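Please read the structure below before turning to the comments.
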Amino acid sequence: MSTPRIAPGQHHPAPPGYGSAPVQAFWTPPPALRRDKGLAATVVLIVLSAAALAWVGMFLLDSLGPPAFIVCGLLALVPLGICVLGIWWVDRWEPEPRSTLVFSFLWGAGVSVAIALLVGPYFTFALLELVPYGSADALGAVIQAPVVEETAKGLGILLLLVVRRRIFDGPVDGIVFAAAVAAGFAFTENILYFGSALLAAGTETVYQLGFTFILRGLLSPFAHVLFTACTGLALGLAARRAGNAWILPAFVLGLIPAILGHMLWNGGPAFLFGNFFVFYFLLQVPFFAAAVTGVWLLRRAEQRLTLRRLQEYAAAGWFAPAEVAMLATRAGRRQAMRWARATGTAPAMKEFIRRATRLALTRQQIAAGRDVPANQEYERTLLGEVTGIRAAMLAGQP
568 MSTPRIAPGQ HHPAPPGYGS APVQAFWTPP PALRRDKGLA ATVVLIVLSA AALAWVGMFL
628 LDSLGPPAFI VCGLLALVPL GICVLGIWWV DRWEPEPRST LVFSFLWGAG VSVAIALLVG
688 PYFTFALLEL VPYGSADALG AVIQAPVVEE TAKGLGILLL LVVRRRIFDG PVDGIVFAAA
748 VAAGFAFTEN ILYFGSALLA AGTETVYQLG FTFILRGLLS PFAHVLFTAC TGLALGLAAR
808 RAGNAWILPA FVLGLIPAIL GHMLWNGGPA FLFGNFFVFY FLLQVPFFAA AVTGVWLLRR
868 AEQRLTLRRL QEYAAAGWFA PAEVAMLATR AGRRQAMRWA RATGTAPAMK EFIRRATRLA
928 LTRQQIAAGR DVPANQEYER TLLGEVTGIR AAMLAGQP
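Note that our numbering gives residue 745 to position 178 of the sequence shown, counting from 1, and the numbers run on in steps of one.
Put into structure tokens, the structure is as follows:
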């Protein structure tokens, strides 16, 4: 429909307003929300990783047979459960989005194993061309497996850093994502190892399966986690810097100790110590204790960072000092949750704590110069959310 034309002399302008001050609008349309492209990309990656896991599962089912596949899958849940408890312990302060953890697990259990199965034999063949008198089994275990597997697992963490940079805050996040990837890889690999022991010919089948389960499932469930955590730690440190220049160098630098540690784990008992249990108690146990201590120190540093950044918001009037102590200390959070359960607002309090912690880490990204305009927009969104949650809790609304 065309706009009617006004004939000359028919135009009547609006009457002048009262005074010269501009009129205050009583309603302003909310700003358009930016779509989280990282979440959409994560969903796509989850679907692709799940497809890779389905392919690997069919391969294992065909190789082992349904009975062995089911039995070994159930046994592999035991070390997986131990790893999940460890990831939960590391990730308690600022839990990562479930979508990122699901992707990490699927990447490790599906894509990383698929890469190892497809690329590994060709890599071993290339090594035999370089070392014609070498043993395929030895070269495969000591060189090929560490290089191919750690690279495949590390690519998942690198991809997550690229697509979900906003929530990849530092070394603790890198370790959490690396642990989830490694736990997934170990889960699938354990099914394969348990199946090989179960299908071993002779009367020692039960003994071989039991020994393999104790060795891999109970004594060393965190072996892959420790290796891949080196890559996650390096990428987490790079994530704290502005720009992307450090990401690829950090990936390579993180892979080096991951591969070397994997090489030592695969070759040390046979070539250096001559006995697995001597190697395990002299080297692996102290290394694991040092790793746990390092993660604990990183978590304490993350708590201090949360406290420091929330104090900045308190100085600007967004939080009361008592709220900062409640949100940024372990004891304060426990007291807050006890109060919230008594008043029926536990879910809201949990979300209040989570959003406030994300707000502190977003402020840290802004201070570091990382994607400042986008993070400032996200900061405003988080400030509105914590203000709304606080108001709902004070009003007694669950």
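Ideal Cβ positions, reconstructed from N, Cα and C, are used throughout, including at glycine. On a predicted model such as this, the values are computed, not experimentally measured, just so you know.
Listed in chain order, the non-local C-beta contacts of N757 below 7 Å within the same chain comprise A643, P646, R783, G784, local neighbours out to five positions each way being set aside. In chain order, T691, L695 place their CB closer than 7 Å to the CB of A703, counting only its own chain and leaving out the 5 sequence neighbours on each side. The beta carbon of A817 sits closer than 6 Å to those of A801, L802, A805, all from its chain and outside the five residues before and after it, given in chain order.
Inter-residue distance for G721 and G828 is about 14 Å (C-alpha atoms, whole angstroms). Under the three-state reduction of DSSP output, A858 falls in the helix class. Rounded to the nearest whole angstrom, the CA to CA distance from F838 to Y945 is 53 Å.
At least 8 Å separates the beta-carbon of A825 from that of V792. Residues L877, L894, V953 of the same chain have their beta carbon placed closer than 7 Å to that of A923, with the five preceding and five following residues left out of the count. By the Cβ criterion, the segment 850-862 is not in contact with the segment 930-945, since fewer than three pairs of Cβ atoms, one from each stretch, lie closer than 8 Å. The continuous alpha helix (DSSP H) containing P634 extends over residues 633-657. Residue state for R937 is assigned as coil, using DSSP reduced to three classes. Secondary structure note for W832: its alpha helix (DSSP H) is the uninterrupted segment 814-835.
According to the DSSP assignment, G701 belongs to no alpha helix (DSSP H), since it is labelled neither H nor E. Proximity to L872 across A892, A887, A858, P853 peaks at A892, based on C-alpha coordinates.
Exclusion of the five residues before and after I742 leaves V657, A796, G799, L800, G803, V862, L865 as the residues of its chain whose Cβ lies within less than 8 Å of its Cβ.
Counting the other Cβ atoms within 10 Å of the Cβ of D740 gives 16 or more, which makes it buried. The C-beta distance from V709 to N833 rounds to 5 Å, short enough to fall under 8 Å. Annotation note: the segment 728-779 contains the following uninterrupted alpha helix (DSSP H) runs of length 4 or greater, listed N- to C-terminal: 738-765, 772-779. Assignment of S679 by DSSP, reduced to helix, strand and coil, places it in the helix class. Of the other Cβ atoms in all chains shown, 16 or more fall within 10 Å of the Cβ of Q851; this residue is therefore buried.
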